[in-house]
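Engineer:
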Amino acid sequence: MATPLPLTGVVVTRDEAARIARCLRPLLAVCSEVVVLDSGSTDDTVAIARSLGAQVEHQEWLGYASQKNTAISRASQPWVLLLDADEWLEPAAVDALRALFADGAVETADAWRLRRRAHFLGHRMRGGGFAREPLPRLFRRHLRYEIQPVHEQLDTRGQRVATSRIRIEHEIARCPAAHWRKLEQHARLWAEDQAARGRVALPGRGELAALAYVLKHLVLRLGVVDGLPGLRFHWLQARYARLKYALLRELA
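Residue numbers (full-length UniProt numbering): 1 to 252.
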């Protein structure tokens, strides 16, 4: 068996019984420890995670950023690899992760961007920004997420950040309706936060945001190569861009 890396795998969960094993197995194969922070699953998420060998702890939901920060604080290893329960590493990504540690290159940065590739309705995206989205998910354990209601970002100010060859796979949704419900929730959280900061949305701002999204992801980033699944996905994302500003106008 290969020697585990000085790495803590961190996963935040709630009711992810159908996907948690796929997420945890590669982490358990490469990490010295895997910490699962569950916020009250009512399915078999906790039982499955424990049966696989993960360290499972409970924390009532604190918000996206605070929940992740709490999970990171439980890590004992010098490096953290954070995944969502709907994400996983393919064998090639595990090999690339081992190679990054094997030659000492990991120490040349404080946070490493991993390329995240979206899967929508069973289709692996090839175009658009969601086919190779760079996210700092491998980082030293002292780093934390900035407190934001949604779309939380790792605070890397003053840190050395580099990009790796490691790829994360991400199952965005198995049906459009479920994805849209999630987008609606995110849009309201964003609008409430922006309204509290005193921001206003001018008439037509949402339509411009939707149009800009379409031009960027479908045209400039060649999202059209993904055919019908890609068009359905980007249509929902454009609706989301418009909805954010519509809700902000209502609140303001």
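We put the beta carbon where it would ideally sit given N, CA and C, even for glycine.
Going by Cα to Cα distance, which pick from L114, E133, L52 is closest to H217?
Structural biologist: Within the sequence shown, numbered from 1, the residue matching residue 217 stands at position 217. Of L114, E133, L52, the residue nearest in Cα terms is E133.
Engineer: Who are the Cβ neighbours of G128 in its own chain at under 6 Å, not counting the five residues just before and after it?
Structural biologist: For this step, residue 128 is matched to residue 128 along the sequence shown. So the qualifying residues of the chain are H217, R221, G223.
Engineer: What does DSSP give as the partner residues of D44 in its beta bridges?
Structural biologist: Translated into positions along the sequence shown, residue 44 becomes position 44. The partner list for D44 (beta bridge, DSSP) is empty, contrary to what the question assumes.
Engineer: Assuming T70 is part of the alpha helix (DSSP H), what are its boundary residues?
Structural biologist: Taking the sequence shown and counting its residues from 1, the one referred to as residue 70 is at position 70. 64-73 is the extent of the alpha helix (DSSP H) around T70.
Engineer: By DSSP's criteria, V80 is part of a beta bridge. Which residues make up the other side?
Structural biologist: Numbered from its first residue, the sequence shown carries residue 80 at position 80. V80 is bridged to T8, F139.
Engineer: Would L100 be called buried (16 or more neighbouring beta carbons within 10 Å of its own) or exposed?
Structural biologist: To locate residue 100, count along the sequence shown from 1; it is residue 100. With 16 or more Cβ atoms within 10 Å of its Cβ, L100 is classed as buried.
Engineer: What is the rounded straight-line gap between the Cα of R50 and the Cα of V56?
Structural biologist: Indexing the sequence shown from 1 puts residue 50 at position 50. Indexing the sequence shown from 1 puts residue 56 at position 56. Approximately 6 Å, taken between the alpha carbons.
Engineer: For A92, count neighbouring C-beta atoms within 10 Å of its own C-beta (all shown protein chains included) and say buried if the count is 16 or more, exposed if not.
Structural biologist: In the sequence shown, residue 92 corresponds to position 92, counting from 1. Counting Cβ neighbours within 10 Å, A92 comes out exposed, since fewer than 16 surround it.
Engineer: How would you call D67, buried or exposed, if buried means at least 16 neighbouring beta carbons within 10 angstroms?
Structural biologist: By 1-based counting over the sequence shown, the position of residue 67 is 67. One point to set straight first is that residue 67 is Gln, not Asp, in the sequence displayed. Buried.
Engineer: What first and last residue would you give for the alpha helix (DSSP H) that runs through R165?
Structural biologist: Along the sequence shown, read from residue 1 onward, the residue named residue 165 stands at position 165. Looking at the DSSP string, R165 is not in any alpha helix (DSSP H); the run it does join, the beta strand (DSSP E), is 161-173.
Engineer: With respect to the beta strand (DSSP E) encompassing residue 276, which residues constitute its N-terminal and C-terminal limits?
Structural biologist: No answer is possible for residue 276: it lies beyond the span of the chain, which begins at 1 and ends at 252.
Engineer: By the DSSP assignment, the alpha helix (DSSP H) with W61 in it spans what residues?
Structural biologist: Here residue 61 refers to the residue found at position 61 when the sequence shown is read from its first residue. It is not in any alpha helix (DSSP H) - W61 carries neither H nor E in the DSSP assignment.
Engineer: Whole angstroms are fine: how far does the CA of T42 sit from the CA of E60?
Structural biologist: What you label residue 60 is simply residue 60 of the sequence shown in a count that begins at 1. What you label residue 42 is simply residue 42 of the sequence shown in a count that begins at 1. Going from the Cα of E60 to the Cα of T42 covers about 13 Å.
Engineer: Which residues mark the beginning and the end of the alpha helix (DSSP H) in which L222 is found?
Structural biologist: Sequence index remark: in the sequence shown, residue 222 carries index 222 (1-based). It is not in any alpha helix (DSSP H) - L222 carries neither H nor E in the DSSP assignment.
Engineer: Applying the 10 Å Cβ sphere with the 16-neighbour rule, what's the burial state of S73?
Structural biologist: Against the sequence shown, residue 73 aligns to sequence position 73. That one is exposed.
Engineer: Between the stretch 26-43 and the stretch 109-128, are three or more C-beta pairs nearer than 8 Å?
Structural biologist: With a cut-off of 8 Å, the stretch 109-128 and the stretch 26-43 do not count as touching, because too few Cβ pairs lie within range.
Engineer: Would the beta-carbon of L28 fall within 8 Å of that of L52?
Structural biologist: By one-based count along the sequence shown, residue 28 stands at place 28. By one-based count along the sequence shown, residue 52 stands at place 52. Cβ distance < 8 Å, so L28 and L52 count as in contact.
Engineer: In the structure shown, what three-state DSSP assignment does H123 receive?
Structural biologist: The residue you call residue 123 lines up with position 123 of the sequence shown. Three-state DSSP puts H123 in a strand.
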